[in-house]
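So the sequence shown is numbered by my numbering: it starts at 132 and just counts up by one.
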Amino acid sequence: MRLNNRFVLATAPGLISLVVRSLGWTIRFSTVGFEKAHDRWRHNLPSIFALWHQRLLMMPLAYRGNGLYVLISNHRDGELIARAVSHLGIHAIRGSATRGGTVGFRRMVEILRTGKDVAITPDGPRGPKWKAHKGAIILAKVAGVPILPVTYACSRQKVFNSWDNFILPAPFGRGAFVAGEPIDVPKDADEQTIESLRQLLETRLIEITRQAEELVRGRAS
132 MRLNNRFVLA TAPGLISLVV RSLGWTIRFS TVGFEKAHDR WRHNLPSIFA LWHQRLLMMP
192 LAYRGNGLYV LISNHRDGEL IARAVSHLGI HAIRGSATRG GTVGFRRMVE ILRTGKDVAI
252 TPDGPRGPKW KAHKGAIILA KVAGVPILPV TYACSRQKVF NSWDNFILPA PFGRGAFVAG
312 EPIDVPKDAD EQTIESLRQL LETRLIEITR QAEELVRGRA S
């Protein structure tokens, strides 16, 4: 069945959101390192949340801000994803690196300047897995907003054979949401600084993902 089939578009988004919420009810999640995020939410200060594409599914449950927008590609499955995230209280910005990307970028800047948050997958939409591109750094530079690296891990999960090894958690296990230290990008950042901060974002995301995995395995406090 094609993803643009009306029946799929009408039913699948609600089912996806139900799966996410059900997993949230049955997995024992802990939260680590979100103090900076909560402080910004209390003061209505916008942030750019950066997370690996592999770890998208459950992250909406960790959000406690006043409005989150996520860039979703113009591929044929984009409409399905956009409708699914809307069921979880997240707004979609349509665009991609090849078609509509410039419009999507401008829209993210506008949203951040209104005080809302934006989420980005630095290795999406095609990878390589866990390899950060510089888009989040450039967005932070233009908008004057910090990047907050975030991730999650679960003790029971299915790993798909996709480019990102997408994770589908299984119920009744342990989970951990982890946030890293914010990354500030100077307004006058040159190419060398942008590349350095891109590497920092990549390293920080890898570190907190490993930390989350250790937490759910009971190897970290």
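Glycine included, each C-beta is placed from N, C-alpha and C at the ideal position.
- Across the structure, V240 and H218 are spaced so that their CA atoms are roughly 24 Å apart.
- In the DSSP assignment, K289 falls within the unbroken beta strand (DSSP E) covering 288 to 290.
- 8 Å or more divides the Cβ of F180 from the Cβ of D254.
- The C-beta of A213 has 16 or more other C-beta atoms within 10 Å across all chains shown, which makes the residue buried.
- With three or more CB-CB distances shorter than 8 Å, the segment 262 to 272 counts as touching the segment 179 to 197.
- Separation of the CB atoms of I298 and Q185 is rounded to 6 Å, and the pair is thereby assigned contact status at 8 Å.
- Of the residues T162, R137, L146, the one whose Cα lies closest to the Cα of Y283 is T162.
- Annotation for L219: no alpha helix (DSSP H) segment contains it, and DSSP assigns it neither H nor E.
- The C-beta distance from N197 to G226 rounds to 23 Å, too long to meet the 8 Å contact threshold.
- Taken atom to atom, the span from the alpha-carbon of L187 to that of D321 is near 30 Å.
- A direct Cα-Cα distance of roughly 8 Å separates A168 from L279.
- Only residues of its own chain outside the window of five on either side were considered, and among them none has a CB closer than 6 Å to the CB of S327.
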